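Chemist: Dumping the structure here so I can ask a few things about it.
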Amino acid sequence: MTPVLRLWSVGGAAPRLPAALALAVLLSGCLGGLQSPGLQGFGKARAPADQVEHKAFAAEGSTASDFPVIADLRARRSVVPQGGSYAAVASAVVAASSGASAAELQMARLNAEAVDKNWLPTIGPVVTLDSLGVMAAQIVAEMALLDNGRRKAERAVAAADVDVAAVVLAADLNDRVRQGLTLYIKAEQARAQAMVAQRGVERLSAFQDMVSERVAGGLSDRSEEQIAAQKRAEMQATYANDMQMAARSLDELAMLAGRPLAGLRGVEPLGAADAVPLSVLKAQGEGARAVALSRAERAGALPGLAATASVDGAGAVRSGLRLGGANFGFGTGARLRALQATPELVARQLDEARQAAARRIAAMQGEAAELRTRQAQGAEVLRQTMGNLDLFVEQYRAGRRSLVELVGQYDAALRLERDQTALGYEIALREVAVAAEQGVLVDGAPM
9 MTPVLRLWSV
19 GGAAPRLPAA
29 LALAVLLSGC
39 LGGLQSPGLQ
49 GFGKARAPAD
59 QVEHKAFAAE
69 GSTASDFPVI
79 ADLRARRSVV
89 PQGGSYAAVA
99 SAVVAASSGA
109 SAAELQMARL
119 NAEAVDKNWL
129 PTIGPVVTLD
139 SLGVMAAQIV
149 AEMALLDNGR
159 RKAERAVAAA
169 DVDVAAVVLA
179 ADLNDRVRQG
189 LTLYIKAEQA
199 RAQAMVAQRG
209 VERLSAFQDM
219 VSERVAGGLS
229 DRSEEQIAAQ
239 KRAEMQATYA
249 NDMQMAARSL
259 DELAMLAGRP
269 LAGLRGVEPL
279 GAADAVPLSV
289 LKAQGEGARA
299 VALSRAERAG
309 ALPGLAATAS
319 VDGAGAVRSG
329 LRLGGANFGF
339 GTGARLRALQ
349 ATPELVARQL
359 DEARQAAARR
369 IAAMQGEAAE
379 LRTRQAQGAE
389 VLRQTMGNLD
399 LFVEQYRAGR
409 RSLVELVGQY
419 DAALRLERDQ
429 TALGYEIALR
439 EVAVAAEQGV
449 LVDGAPM
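One gets the working numbering by counting positions in the sequence shown from 1 and adding 8 to each.
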């Protein structure tokens, strides 16, 4: 039950304000005390031990323009090199975005702007119908005098909603750019491997011609010619498959960008970045919202005091004080203790988000480092393999090697070259994934 007490009014009984205030103090003492607006904590009023952590969760400014997460996002600059293929892909896919996340951010901003004025008096009509069927209407204005920080907490909730919406927008844009760059890099990888397969087809065609000459001269039988033709057909199929994969990736990229992206070639190194991962920023914003909601709920359980004024249809003006807000039940104490634990829970969740993001980034960076090591080692192995291949050809011409040995050696060399070619693009994919996790694939200025 929520008690609402009329304490004093014009033309009414003798003032009962001192007694009512005494009642408010007694009730609030049972629930932890009425705290000053600047220290709306849990339990006894105290300044936070960690001012930095408090600021991260506080989103409590008196104006709706104080959004710490948005300030962080706005300061970010894209690590994508300007004027290159990556930049063309990024700008195209961002321009083709539906803008749903941007609309959600705009709605959150408008809501925060509206809630930012919640400290002003409210005014509205009140219509009553008594037991005799007589209807009475009046205009009532109300101004909160003591709300235990409820309105401040509501502003903090709205500000946190804006921060979370901004992080969602940044995450959507970064993920969209990541998808576009991933498709582009895969297309480039397929085209590069197709070039290796094409060189293999040309080399195997030369082998087939050489075997045909040996068959014509009686130095080899037609079984060797069939082996050479079979290997050439297999490499031709590999080339066709690579080109098909490149075309499919480019088609998907065109659908994502809303138009074909022709004339783009090559992969580019990304710039260095040291930004807070977007998942951590989102956890920070959601934590600020959870803390603010708990403060608003706790404030609603404490007694509040408001000044009221009303004008009825006859023009009579009545003013007074209203005490309300205290809602007691058997589980009130446990509920307040649960609300008191919210900041600690939020801090733990934020730590978990930081650790999870750090593990993901470290894993991707570790994979990239491993791929670079394989790339460096594979380059030397490939050089030696190609040198051995030339020796195998000379030995085959001299009759010291069979065609099966020669074709097997060349097939191994081609596969090694294809794998070596793919490593550079796999490294580029890991770099893009890390940049997307950090939220630095797009500029933050439009936030």
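Note that the Cβ used here is the ideal one computed from N, Cα and C, for glycine as well.
All figures in this text were calculated on a predicted structure; none of them were measured in a lab.
1. Would you list, in sequence order, the uninterrupted alpha helix (DSSP H) runs of no fewer than 4 residues that lie entirely inside the segment 368-421?
2. Does the beta-carbon of glutamate 445 have 16 or more other beta-carbons within 10 angstroms, so that it is buried, or is it exposed?
3. In whole angstroms, give me the CA-to-CA distance for arginine 199 and aspartate 217.
4. List the endpoints of the continuous alpha helix (DSSP H) containing proline 133.
5. Let's test the definition: count the other Cβ atoms within 10 Å of the Cβ of glutamine 385 and tell me whether it reaches 16, buried, or not, exposed.
6. Ignore the nearest five residues each way along the sequence and tell me which others in glutamine 201's own chain have a CB closer than 7 Å to its CB.
7. How about the segment 430-443 and the segment 375-393: do they share at least three Cβ pairs that are nearer than 8 Å?
8. Give me the Cβ distance between alanine 116 and alanine 195, rounded to the nearest whole Å; I'm assuming they're in contact under 8 Å.
9. Out of Met243, Ala179, Ala361, Arg84, which one is the CA nearest neighbour of alanine 205?
10. Let me confirm a value: leucine 191 is counted as buried when at least 16 other C-beta atoms fall within 10 Å, else exposed. Which label applies?
11. Go ahead and label glutamate 232 buried or exposed: buried means 16 or more other beta carbons lie within 10 angstroms of its beta carbon, across all protein chains shown.
12. For leucine 437, which residues from the same chain have a beta carbon less than 7 Å from its beta carbon, with the 5 sequence-adjacent residues on both sides left out?
13. By alpha-carbon positions, which one of Ser106, Leu424, Ala79, Phe75 ends up nearest to leucine 264?
14. With burial defined as no fewer than 16 other Cβ atoms inside 10 Å of the residue's Cβ, what is the status of asparagine 396: buried or exposed?
15. Determine whether the beta carbon atoms of glycine 274 and valine 87 lie at a separation below 7 Å.
16. By Cβ distance, which residues of its chain are closer than 8 Å to glutamate 260, with the 5 residues on each side in sequence left out?
17. Could you work out which residue in Asn156, Gln292, Ser109, Gly374 is closest to alanine 178 when comparing CA atoms only?
18. How is valine 148 classed by DSSP in three states: helix, strand or coil?
19. Which same chain residues, not among the five before or five after alanine 152, have their C-beta less than 7 Å away from its C-beta?
20. Since glycine 499 is in the alpha helix (DSSP H), which residue starts that stretch and which ends it?
21. Using DSSP's beta-bridge definition, name the partner residues of serine 327.
22. Check leucine 153 in the structure and name its three-state DSSP category.
23. From Pro76, Val101, Phe75, pick the residue whose C-alpha is nearest to that of leucine 449; which is it?
24. With H, G and I counted as helix, E and B as strand and the rest as coil, what does DSSP make of glycine 332?
25. What are the start and end residues of the alpha helix (DSSP H) that includes alanine 182?
26. Can you tell which of Ala304, Lys239, Ala346 has its C-alpha closest to the C-alpha of glutamate 210?
27. Per DSSP, what kind of secondary structure is glycine 432 in: helix, strand or coil?
Modeler: The relevant details are as follows:
1. Scanning the segment 368-421 from its first residue to its last, no whole alpha helix (DSSP H) run of 4-plus residues comes out.
2. With a threshold of 16 other beta carbon atoms within 10 Å, glutamate 445 meets it and is buried.
3. So the alpha carbons of these two residues sit roughly 27 Å apart.
4. Boundaries for proline 133: no alpha helix (DSSP H) harbours it, while the beta strand (DSSP E) harbouring it runs 130-137, taken from the DSSP string.
5. Residue burial is scored here from C-beta neighbours: glutamine 385 has fewer than 16 other C-beta atoms within 10 angstroms and is therefore classed as exposed.
6. Asp250, Arg426, Thr429, Ala430, listed in sequence order.
7. Yes: the two stretches touch, three or more of their Cβ pairs being nearer than 8 Å.
8. Wrong, their Cβ atoms sit about 37 Å apart, outside the cutoff.
9. When each option's Cα is compared against that of alanine 205, the closest is Met243.
10. Classification for leucine 191: buried.
11. Buried is the label assigned to glutamate 232, since at least 16 other Cβ atoms lie within 10 Å of its Cβ.
12. Result list for leucine 437: Thr190, Ile193, in chain order.
13. For the residues Ser106, Leu424, Ala79, Phe75, the minimum Cα distance to leucine 264 belongs to Ser106.
14. With fewer than 16 other Cβ atoms inside 10 Å of its own Cβ, asparagine 396 counts as exposed.
15. No.
16. Around glutamate 260: Leu191.
17. Per the C-alpha coordinates, the member of Asn156, Gln292, Ser109, Gly374 positioned closest to alanine 178 is Ser109.
18. Strand, per DSSP.
19. Listed in chain order, the non-local C-beta contacts of alanine 152 below 7 Å within the same chain comprise Arg159, Gly312, Ala314, local neighbours out to five positions each way being set aside.
20. With the chain represented from 9 up to 455, any question about residue 499 goes unanswered, as that position is not in the structure.
21. Answer is Ala317.
22. Residue state for leucine 153 is assigned as strand, using DSSP reduced to three classes.
23. Nearest option by C-alpha distance: Val101.
24. DSSP places glycine 332 in strand when its eight states are reduced to three.
25. Note on identity: in this sequence residue 182 is asparagine, with alanine being the wrong assignment. 158-224 is the extent of the alpha helix (DSSP H) around asparagine 182.
26. Closest by alpha carbon: Lys239.
27. If DSSP states are grouped into helix, strand and coil, glycine 432 belongs with the helices.
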